[in-house]
Amino acid sequence: MKTEINRFLETLDRSPRTILTYRNALAQFVNAVGDDAELNTETYTKFLISLKSKSPSTQRIYTTAVLKFYAFSKAGNWAELKELTAHYTHKPGRRIVNFNREALEKVIAYCDALDGDLPALRDRAFVLTLMDTGLRISEACAMKRSDLDWLEGRAIIIGKGDKQAVVRFSERSMEALKAYLHARSVVNPNSRIPLSSQPLFARHDIRASKKIRPITAGGMWKAIKDRITEAGVDRGMVRLHDFRHYFVTMTYLAKRDLKLSQELARHESISTTNRYAHFGGEADKAYDEIFNKRLDGKP
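For the sequence shown, the positions run 140 to 438 when the numbering used here is used.
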């Protein structure tokens, strides 16, 4: 089966990231059913059962990859396979966004005051960039210096779904980036890598030596978690995606315009942005008027 899977992956006209995702999905498939299993309904059912502990989004991606592999191999009954998929995978209900704003703002304030060595300047610039742009951590780590238009205060990136998008940068995030990059140029004045090709955020650990190497999303998240601890906040109170949640929430609270927040957050569907509409909504105002006004009728 592995030979057939490789043939299938070679036919895909998709981004390298998507192909890697499909490869992981098919590896899960082989692990669940065995390399010698026949591509039939029973095999597919066994695979679906193995996905029960996965998140809904992972289930969706993995079943899509395997269904396309079945189609490529001209195996199974398509109607039956689709029916089984609907039966065994659970669709996520509408989830209201929630995060610990107080804890996150404490981390932001701590990072905004960071100064001194390169890791500190980088982490300050990185956190302020996440807060003020809505970039996902992987998107920020993938940026090169040439991606940022310093005059316009924006960048064109390749985001989720391999789509181009315009991301706007605040003045404070750009000032933090300038301070970090200036300090980096002092430490590495004679780098052979052209400025345009250098990563916007680089590694500064011992193993990286003095070479300018891009930092991975995992490495950057580890650095941020250390800053969370330094800020006196329990690591469990701040999650990776909370920085992006904060950005979308602030844009919505500022203008109360879902369409605008959708555009700035680069959400494909406004239903995703609508998950933030409970922040500072009319229900909060009504509750305050009912329960939090003085009982003597005075304002």
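Quick reminder that beta carbons are idealized off the backbone N, C-alpha and C, glycines included.
Nearest to A281 (by Cα), restricted to the options D271, W289, L339 and S154: L339
Best match in L320, L399, F386 and S335 for proximity to P451 [C-alpha to C-alpha]: It is not possible to answer for residue 451, since the shown part of the chain is limited to 140 through 438.
Test: E241 CB closer than 8 Å to a CB of chain B: Checking the listed chains, one finds no chain B in this structure; it contains a single protein chain.
Under 8 Å between C-beta atoms of A248 and V377: no
R331, DSSP secondary structure in three states: coil
Buried versus exposed, by CB contacts within 10 Å (16 or more), Y426: exposed
Segment limits, alpha helix (DSSP H) that includes V205: P195 to S212
Residue range of the unbroken beta strand (DSSP E) whose run includes R307: Q303 to R307
Among E244, S309 and S408, the one whose alpha carbon lies nearest that of G371: E244
Start and end residues, beta strand (DSSP E) containing A294: R293 to I297
Y183: CB within 7 Å of a non-hydrogen atom of the ligand MN: Here there are no bound small molecules, and the ligand MN is not part of this structure.
I185, DSSP secondary structure in three states: First, the amino acid is wrong: residue 185 is Lys here, not Ile. Of the three classes helix, strand and coil, the one that applies to K185 here is helix, per DSSP.
Three CB pairs or more closer than 8 Å across the region 296-303 and the region 409-418: no
For F168, the nearest candidate out of I296, L151 and Y209 (CA to CA): Y209
Cβ-based neighbour list, S312, same chain, cut-off 8 Å, excluding 5 preceding and 5 following: A264, L267, T268, M270, D271 and T272
For D381 and A393, the rounded distance between their alpha carbons: 18 Å
P258 - partner residues in DSSP beta bridges: Beta-bridge pairing links P258 to no other residue.
Burial state of V246 (16 or more Cβ within 10 Å): buried
C-beta contact flag for K283 and S336 at 8 Å: yes
F308 vs A294 beta-carbon contact at 8 Å: yes
F430, buried or exposed, once every other Cβ within 10 Å from all chains shown has been counted against 16: exposed
T184 to S154 span [Cα, whole Å]: 29 Å
Inter-residue CB distance, A322 and L253 (contact presumed, cutoff 8 Å): About 12 Å separates the two Cβ atoms, so there is no contact after all.
Bounding residues of the alpha helix (DSSP H) (the contiguous stretch that carries R430): Checking the sequence shown, residue 430 turns out to be Phe, not Arg. It spans E421 to F430 - the alpha helix (DSSP H) in which F430 sits, taken as one unbroken run.
Residues bridged to P338 [DSSP beta-bridge criterion]: K283
Alpha carbon of Y391 to alpha carbon of L220, nearest angstrom: 41 Å
Which of helix, strand or coil DSSP assigns to D251: helix
Three-state secondary structure (DSSP) of D288: strand
Best match in L334, M140 and A164 for proximity to D174 [C-alpha to C-alpha]: M140
V387 versus R374, D373, E402 and L379, residue with shortest Cα-Cα distance: E402
Residue nearest to V306 in terms of C-alpha spacing, selected from A404, Y385, H343 and T224: A404
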